[in-house]
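What follows is one structure encoded as structure tokens, with my remarks underneath.
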Amino acid sequence: TLRAVVDLVFERFSRWYSQRGMRKILHLLGWSWQRGRALYIKRTIEEQLRFELETRAILAEFAHTGQRCVPLAGDQTRVYLEGTVGKRWNPRGKQPRIPDRSRTKFAENIYGAEHLGTGAEVAPFSIDFQDAGASVVWFELVKAACPRGTLVIWLDSAPHLTDEEVEDYLERQSRIRVIRFPKYTPEENPKERTWQTLKEEVSHHCFHPT
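Just so you know, the sequence shown maps onto residues 64 to 273 in the working numbering.
Structure follows, in structure tokens:
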């Protein structure tokens with residue numbers, strides 16, 4: 064914290080700065096005020112290597128054959144209708160109070176994919192539950208949105224995406240190739256980052272009665 068840094072500098076160098084002055088110094092040094100990000104200790108090097116080798120092999124195959132490829136990163140999220148509380152700028156003394164129905168946690172479940180060539184959103188799909196049936200419906204929507212070429216879709220290993228019903232469906236699809244991201248590595252998926260903006264717009268400090 065700023066106070067801890069001010070105390071440390073005074074202890075070691077006998078120089079005192081205000082917290083405002085120390086903030087300026089830290090900015091000049093390229094530092095910023097950051098929130099820690101979870102590091103999943105269950106991730107493994109073997110999973111990461113499997114992912115990299117599989118990705119390289121499939122892309123090399125398409126490069127060699129010249130076959131049309133549609134590269135997509137898919138993911139799902141849950142957006143709560145209750146207000147979620149995040150940081151925001153507000154007048155001092157006027158802290159916003161957000162209605163909350165924490166016992167119910169009504170939510171919309173959203174499927175989506177990002178085209179890795181154009182950045183375009185592909186086949187967004189909202190439903191009450193994330194399950195095998197919803198996943199199959201979403202795959203069909205993706206196929207309809209991209210009628211030409213083979214779909215190479217990078218996905219995580221969520222239960223509703225690895226269910227036996229989904230696996231059987233994918234085995235019958237000649238146009239869909241799935242590559243699984245390494246387990247416990249959400250930062251590998253570009254689609255993950257698009258959900259943050261969505262939630263800030265419709266969930267943070269907002270409440271939707273229905």
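For every residue, glycine included, the Cβ atom is placed at its ideal position computed from N, Cα and C.
Since the structure is predicted, the reported quantities are computational estimates derived from the model, not experimental observations.
> Any chance the segment 145 to 159 sits against the segment 179 to 187, with 3 or more Cβ pairs inside 8 angstroms?
Replying inline: Contact between the segment 145 to 159 and the segment 179 to 187 is not established, with fewer than three Cβ pairs separated by less than 8 angstroms.
> What did DSSP end up calling T147 once you bin it into helix, strand or coil?
Replying inline: Position 84 of the sequence shown holds residue 147. Strand.
>> Measuring straight from C-alpha to C-alpha, what distance separates L216 and T128?
In response: Looking up residue 216 in the sequence shown gives position 153. Looking up residue 128 in the sequence shown gives position 65. Note on identity: in this sequence residue 216 is Ile, with Leu being the wrong assignment. Here the C-alpha atom of I216 lies approximately 19 angstroms from the C-alpha atom of T128.
>> Quick check on DSSP: helix, strand or coil for G137?
In response: Here residue 137 is taken as the residue at index 74 of the sequence shown, counted from 1. When DSSP states are grouped into helix, strand and coil, G137 belongs to the strand group.
> What does a CB cutoff of less than 8 angstroms around P187 pick up in its chain, not counting 5 residues either side in sequence?
Replying inline: In the sequence shown, residue 187 corresponds to position 124, counting from 1. Only I173, Y174, G175 meet the Cβ criterion.
> What are the uninterrupted segments assigned as beta strand (DSSP E) that are 3 or more residues long and contained completely in the segment 198 to 272, given in chain order?
Replying inline: 213 to 218, 239 to 243, all fully within the segment 198 to 272.
>> Taking 8 angstroms as the limit between beta carbons, can you name the residues of its chain near D194, skipping five residues before and five after?
In response: The count along the sequence shown starts at 1 and reaches residue 194 at position 131. Excluding five sequence positions before and after D194, the CB atoms of its chain that fall closer than 8 angstroms to its own CB belong to H223, D226, given in chain order.
> Rounded to whole angstroms, how far is the Cβ of R119 from the Cβ of P245, which I believe are closer than 8 angstroms?
Replying inline: Stepping through the sequence shown from its first residue, residue 119 is reached at position 56. Stepping through the sequence shown from its first residue, residue 245 is reached at position 182. Actually they do not touch by this definition, with Cβ atoms about 14 angstroms apart.
> Does the beta-carbon distance from F270 to E124 come in below 8 angstroms?
Replying inline: As a position in the sequence shown, residue 270 is number 207, starting the count at 1. As a position in the sequence shown, residue 124 is number 61, starting the count at 1. For the 8 angstroms CB-CB criterion, F270 and E124 do not form a contact.
> Cβ of K206 within 8 angstroms of Cβ of R238?
Replying inline: Working through the sequence shown from its first residue, we reach residue 206 at position 143. Working through the sequence shown from its first residue, we reach residue 238 at position 175. Yes.
> Roughly how many angstroms lie between the CA atoms of H267 and R66, to the nearest whole one?
Replying inline: Here residue 267 is taken as the residue at index 204 of the sequence shown, counted from 1. Here residue 66 is taken as the residue at index 3 of the sequence shown, counted from 1. C-alpha separation (whole angstroms): 29 angstroms.
> Starting from I88 and walking both ways along the alpha helix (DSSP H), at which residues does that stretch end?
Replying inline: Here residue 88 refers to the residue found at position 25 of the sequence shown. For I88, the uninterrupted alpha helix (DSSP H) run begins and ends at 82 to 91, by DSSP.
> Using CA coordinates, which residue listed in I242, Q82, L233, E171 is at the minimum distance from F192?
Replying inline: Counting from 1 along the sequence shown, the entry for residue 192 is found at position 129. Closest in alpha carbon position to F192, among I242, Q82, L233, E171, is E171.
> Run through DSSP, which three-state label would A183 get?
Replying inline: Position 120 of the sequence shown, counted from the start, is the residue given in the question as residue 183. Here A183 sits in coil by DSSP.
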